[in-house]
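Numbering (this note's numbering), first residue to last: 22 to 87. A virtual CB, placed ideally from N, CA and C, is assigned to each residue, including glycine.
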């Protein structure tokens, strides 16, 4: 059995996201987000799609909270 392809890094709204390890049994990857000063600001298990969806939801909630 071959291992799933590691998701490529992405950059969203000033943060750089990269996979640290994985996937786990559920198929999620352990991601790390870093800011412009290379400080880790978030880590967690997620699929790429769920990570992008969470970022979209956070952006929209901030947009409409004004």
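Here residue 67 carries a strand assignment [DSSP, helix/strand/coil].
DSSP, read as helix, strand or coil, puts residue 76 in helix.
With fewer than 16 neighbouring CB atoms inside 10 Å of its own CB, residue 63 falls in the exposed class.
Assignment of residue 83 by DSSP, reduced to helix, strand and coil, places it in the helix class.
Taking 9 angstroms as the cut-off, the Cβ atoms of residue 57 and residue 38 do not count as close.
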